[in-house]
Every structure is written in structure tokens, then in C-alpha cells.
Amino acid sequence: MKNWSTLLLLLVAVGELLGQDVAQQMQVYLQTLEENETFSGSVLVAKGEEIILSKGYGEAVIEYGIPNTPDTRFRIGSITKQFTAMVVLQLMEQGKIDLQGKIVDFLPDYPAIQSEKVTIHHLLNHTSGIPSYTGMEEIMKHRGSLEEAPEDFIKHFWDKELEFEPGSEFRYNNSGYYLLGMIIEKVSGMPYDDYLTENIFEPLGMKNSGFEHYRSVIPKKAQGYAAMGEYAERAGHIVADIAGAAGALYSTTEDLLIWHRALMDKKLISEASYEKMFTPYLNNYGYGWEIEEHAGTMVYRHSGGIDGFRSMGILLPEKQLSAIVLSNLESTNAGKVAENLLKMELGEEVKMPTRLKEVSVPAKILDKYVGTYNLFPDFDLTIMRDGDRLMVRPTNDKVSQLFSESETLFFSKVVDAKLEFVVGENGEVNDVILHQNGDHPGKRVK
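What the sequence shown shows, in my numbering, is residues 6 to 451, in sequence order.
Listed below in C-alpha cells is the structure:
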């Protein structure tokens, strides 16, 4: 009996050590990203009731040296959509919404060109064909100051031709979820945010989540950034109300774990409604969730991206695993970070990042690199000098800094990429190689 007890204690101790090793590996990974100024935010990985890692990295507000912590609030962008989908299913169970009902059934003033063809089901799984307002320049160029009531805002897209027959194609669409928010308000008789608070946040104990209204002050909320470090830069701003039920919520990693656990325990709605939510329709998209399979296990996930913020939540119900990444650096690849953390927990191989170290490059060498290089049809990289800094502007994108790893190899902190300048025998530079998901050569054109 004593031997069995000893063996059991040894097995428990080994399990705890393995768990510590995984958590330590995660921390090394995240600390390296933080040191490379490619991640700032909060992460949480949990299995069942066990919290494997819950920690903040970088700063919530650089100007005041306020660090990110597990209870820092972040804009979660399109993760909002899964809450909107949950509300729609709750209202369906109450008999207030028919998933096959059309827009016109709920918003009678909405033009027939869209409203008589598009159903709630189409809006939920991005198969409506309605043009997405986030693709409209007239809206996005004023997104930091546009104040319009919902009934006026939808007029930007409500009379446009459908891009395809509803139900025939998948095309990610923020207009659809914005409309769902209006429909929720119409049938429930409550503002969208009040309904969420009363029917989801308060029942689950999600005390640090809510809807961000324009000009509202939210305690403990992170500031969004376009760049970190010596040349830190605040990100552009979008009026949160424009995102509406498609992306205006804020939350914390701890609150989103409560949400994930509620989903795994199948709270809030019936088993049949959960089946509707997690059924992979076109493009493997359910109602507010992307659905895929990894190594024989179902994976539910959704990302979020809104000016200055990136987010990802991944759920593996069969393994009771959850990974949540919330970042206030818009260049962060939150999806990749969350995936790698889960791979570590599952014992899969992960390529660890290396510490990026910048070296000094003489100005006369930097001058040789200035110019425009063509890499693909209609895609150039324009290289410029800004004092002792080398800057790059991709076609139809904004300017960012390149950092020197050597005299000829430079890395970006905005994307996971390196740019190599090829010096010819005559000392001139007419070629580059972009190292990003492969090696892509480019030729100087200016």
C-alpha cells in the first residue's frame, strides 16, 4: 500500500513539474515577443479549472507607465460577434426572432432591395451579400469622428445592390452584425448593451465587460498603439458606436475565460441552440465562430481587430482548453500567439522567437537603400530615410520603421518580416529579398 501511495505522489509531482515547464515555456515565448516590441497585452491559458498562465505584458498606457495586467480592459473587436449571436439565439428561444425571418420582418422601413431576400441566418453566418461598411471609404476615412444614430448610419449601405445571392457565398461582413444589433433592440425593447448586461454579463459575473460608447471613460482600459518602444505611436481611433454589435465590446482575459467556461458548460441557451451556433456553414463559419478541426479535436475560434487592438479567443471543448490573447498593439498577430500557446500545452513543437538585436549602420550605407522596389504586380516597397532611421512604405499602406539586424538585413516590428538588401559587385543596391512566408525577390524601379 505504501508503494502505491509513493508512486501516486511521484506521478502527481511529475505532472506538476511538467505543468510548470509548459508555463515557463509560455512565459519565455511571451517575454521574447515583449522584448522585441511585437507584443503588448494580456494572455490567459486554462485547462478545466486550472489556470496555466494568466499574465500581462507590456504597458496599457505607455505615457504613464501603467502595465498590462489580467484585469486590464481591451477592445475585443469582432469577438463581439459571438455575444451578438448568443443574444439572437436567446431571443429565438423566446419566440421573438425566427432565424429564417427576413430583415423586412423586423425593420419594415429597410429597402426591399436587401430586406426581402436576406434572413437572420444569412446575417449570422456572413452569407447575406450586403456590402460591408468597413469596406466603404466614405465611412472609414471619418471613423474617428463619425457620430450618427443607427437608423441614419445604415443608410450608407441599405440601398446598395447585393454582392451575391444570399446564402450562395461567404463574405465576412460587419454590416450584417450591425443590423443584428438593431434587430435585437427592436424585438427586445432594450438597448443592445443593456440586454447584454442583464442577460449575459451579470448572470455570468463578467464584471469587467461592456459596450464602449463614443466619448465614454472606461476605467482600467488600455490605450491602443501602432508601435511600441522608443518611437511609440498611438493608433488611429474609431468611434466605437460605428462598430456596434459587430465589434464595440471591451473585456478582459479573465472575463472571457468566464465566457468560455459558460459555453463549455452550455449555459444561457439550450443544447439545440448550441448546435446551431457551432454548426459549420459556408467557409466553416457558424454563428459568430470559426469552426475547424485540429488533430481530431474540434476547435472554435474568433479573432478581433479594431484600431490599436488585436484579439483572439480559441476554445477546445473536448479538451476543456481555452486560450485568450488581448493586445493593445495593432501589429500583434494575436491568432499566432494563441495558437502557439495552445500547441505548447498540447505538447506540439513551436518555433520559439529569437531576441532581435539592432546594430548601428552608417548613414552612407542607408543612403544606398533609399528607393522603390517592385516585388509583385501592383506591390512596391518604398524605402526612405528619416534621420538615422530607415523607413518603409508598402503600396497602399502606412510608413513604418525598419530595424537593422546587420548592415544588409532589416526586420519589421509591424509584421513578421525581414528585408534583405542585395549589394552588387559594383557596390550598388538594385535588388531586395523580402523574407515573409517564403523568400520574395524584388527589383529597384526608382
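C-beta atoms are modelled at their ideal positions from N, C-alpha and C, and glycine is treated no differently.
Which listed residue (the options) has its alpha carbon closest to that of residue i
i, options, result
"residue 325", "303, 336, 331 and 312", "303"
"residue 86", "237, 48 and 317", "317"
"residue 156", "112, 172 and 134", "112"
"residue 211", "373, 451 and 263", "263"
"residue 160", "169, 144 and 405", "144"
"residue 177", "68, 291 and 204", "291"
"residue 451", "220, 435 and 52", "435"
"residue 41", "419, 132 and 449", "419"
"residue 137", "154, 115 and 163", "163"
"residue 252", "150, 366 and 183", "183"
"residue 36", "64, 54 and 56", "64"
"residue 67", "192, 238 and 441", "238"
"residue 101", "431, 286, 129 and 194", "194"
"residue 271", "363, 95 and 38", "95"
"residue 439", "414, 382 and 78", "414"
"residue 126", "70, 235, 32 and 287", "287"
"residue 442", "358, 429, 130 and 421", "421"
"residue 132", "319, 169, 226 and 277", "169"
"residue 234", "29, 43 and 27", "43"
"residue 299", "314, 321 and 307", "321"
"residue 53", "134, 430 and 323", "323"
"residue 29", "404, 387, 57 and 38", "57"
"residue 106", "98, 124 and 39", "124"
"residue 148", "384, 411, 393 and 241", "241"
"residue 255", "214, 77, 353 and 191", "214"
"residue 364", "411, 387, 394 and 319", "411"
"residue 417", "394, 429 and 433", "394"
"residue 260", "381, 358 and 75", "75"
"residue 109", "98, 128 and 99", "128"
"residue 236", "449, 404, 79 and 61", "404"
"residue 114", "146, 70 and 191", "191"
"residue 104", "189, 206, 61 and 139", "189"
"residue 187", "146, 247, 173 and 224", "247"
"residue 175", "185, 134, 206 and 141", "134"
"residue 209", "273, 289, 430 and 73", "273"
Start-to-end residues for the beta strand (DSSP E) that takes in residue i
i, result
"residue 319", "314-321"
"residue 305", "302-311"
"residue 362", "Element bounds for residue 362: n/a, residue is neither H nor E."
"residue 200", "Element bounds for residue 200: not the beta strand (DSSP E) but the alpha helix (DSSP H), 197-201."
"residue 62", "55-62"
"residue 299", "295-299"
"residue 47", "46-52"
Endpoints, alpha helix (DSSP H) assigned at residue i
i, result
"residue 328", "No alpha helix (DSSP H) holds residue 328; the beta strand (DSSP E) holding it covers 326-332."
"residue 344", "339-350"
"residue 183", "179-193"
"residue 371", "368-374"
"residue 276", "276-282"
Cβ distance (whole Å) where residue i is taken to contact residue j below 8 Å
i, j, result
"residue 258", "residue 47", "5 Å"
"residue 249", "residue 81", "That belief does not hold up - the Cβ atoms of residue 249 and residue 81 are roughly 14 Å apart, past 8 Å."
"residue 361", "residue 408", "7 Å"
"residue 204", "residue 92", "7 Å"
"residue 219", "residue 152", "6 Å"
"residue 368", "residue 50", "The pair is not a contact, with the Cβ atoms about 45 Å apart (cut-off 8 Å)."
"residue 45", "residue 334", "4 Å"
"residue 315", "residue 343", "Actually they do not touch by this definition, with Cβ atoms about 10 Å apart."
"residue 380", "residue 447", "4 Å"
"residue 452", "residue 331", "The displayed coordinates of the chain run from 6 to 451. Any statement about residue 452 would go beyond what the structure contains."
Residue i Cβ short of 7 Å to the ligand ZN heavy atom set
i, result
"residue 324", "The ligand ZN is not among the ligands present in this structure, which contains no ligands whatsoever."
Within-8 Å CB hit, residue i to chain D
i, result
"residue 71", "Absent here is chain D; the protein component of the structure consists of one chain."
Handout entry: Those runs of the beta strand (DSSP E) which lie wholly inside the segment 379-450 and span at least 3 residues
Key = 384-391, 394-399, 405-409, 414-417, 423-428, 434-440 and 444-449
Handout entry: Unbroken stretches of the beta strand (DSSP E), 3 residues or longer, contained in the segment 214-268
Key = Counting only runs of 3 or more, we get 230-232 and 254-256.
Practice task
Examine the Cβ distances between the segment 423-435 and the segment 398-405 and report whether three or more of them are shorter than 8 Å.
Solution key: no
Handout entry: Three CB pairs or more closer than 8 Å across the segment 221-234 and the segment 196-206
Key = They do not touch, by the three-pair rule.
Exercise for the section: Tell me, please, whether the segment 340-359 touches the segment 106-120 by the rule of three or more beta-carbon pairs shorter than 8 Å. Expected result: no
Handout entry: Contiguous alpha helix (DSSP H) assignments of at least 4 residues, all confined to the segment 90-154
Key = At a cut-off of 4 residues, the continuous stretches assigned as alpha helix (DSSP H) that sit fully inside the segment 90-154 are 108-111, 117-120, 125-129 and 142-145.
Practice task
Please confirm if the segment 87-103 is in contact with the segment 281-300, defined as three or more CB-CB distances below 8 Å between the two stretches.
Solution key: With a cut-off of 8 Å, the segment 281-300 and the segment 87-103 count as touching, because enough Cβ pairs lie within range.
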